[in-house]
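Here the numbering used here is used: position 43 in the sequence shown is 43, and no number is missing along the way.
Think of the CB as a built atom: it goes at the ideal place given N, C-alpha and C, for glycine as much as any other residue.
In this text the structure is predicted, and so the values were computed from the model without any measurement.
The structure appears right after this line, and notes come after that.
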Amino acid sequence: AKLKGGVFYGPQIRTLFKDETFITTISCIEKSAWTSFKAVATNFLGNNKSPKYEEIVLKLIKDFQDLGCLMDYKLHFLHSHLDWFPENLRDYSEEQGERSHQDMKVIE
Numbered sequence: 001a002k003l004k005g006g007v008f009y010g011p012q013i014r015t016l017f018k019d020e021t022f023i024t025t026i027s028c029i030e031k032s033a034w035t036s037f038k039a040v041a042t043n044f045l046g047n048n049k050s051p052k053y054e055e056i057v058l059k060l061i062k063d064f065q066d067l068g069c070l071m072d073y074k075l076h077f078l079h080s081h082l083d084w085f086p087e088n089l090r091d092y093s094e095e096q097g098e099r100s101h102q103d104m105k106v107i108e
């Protein structure tokens, strides 16, 4: 399948994580960036933050720079505030989302 450039969201990314043929269609430098992206998604943005999370995120940034990507402001924020993120980032995010949803119910 041919991929178009753009923004991918959760379900599309999870589909690509499972697609064994995707990795065979990209160059070595793209593979390195993709592998780093997967590592950040599973070892930093999930429920448990890896003890090596700083190393993992820094590798992602290096691989994206090697790929010729400019540092997006979101990636810059991530890089600048690595120690700010809680250990259980996904749980925290879902909790905040639920709290926001409950607040909206009260407003209605």
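In the three-state reduction of the DSSP assignment, Ser32 falls in the helix class.
Under the 8 Å Cβ criterion, the region 60 to 67 counts as touching the region 30 to 39, having at least three qualifying pairs. The C-alpha of Thr25 lies about 32 Å from the C-alpha of Pro51. Per DSSP, reduced to three states, the secondary structure at Thr25 is helical. Straight-line measurement puts the Cα of Ile29 at about 10 Å from the Cα of Gly68. Only residues of its own chain outside the window of five on either side were considered, and among them Phe8 and Phe22 have a CB closer than 8 Å to the CB of Leu16, listed in chain order.
When secondary structure is reduced to three states using DSSP, Val57 falls in the helix class.
Per DSSP, the continuous alpha helix (DSSP H) segment holding Pro11 begins and ends at Gly10 to Lys18.
It is roughly 10 Å from the alpha-carbon of Lys59 to the alpha-carbon of Ala39.
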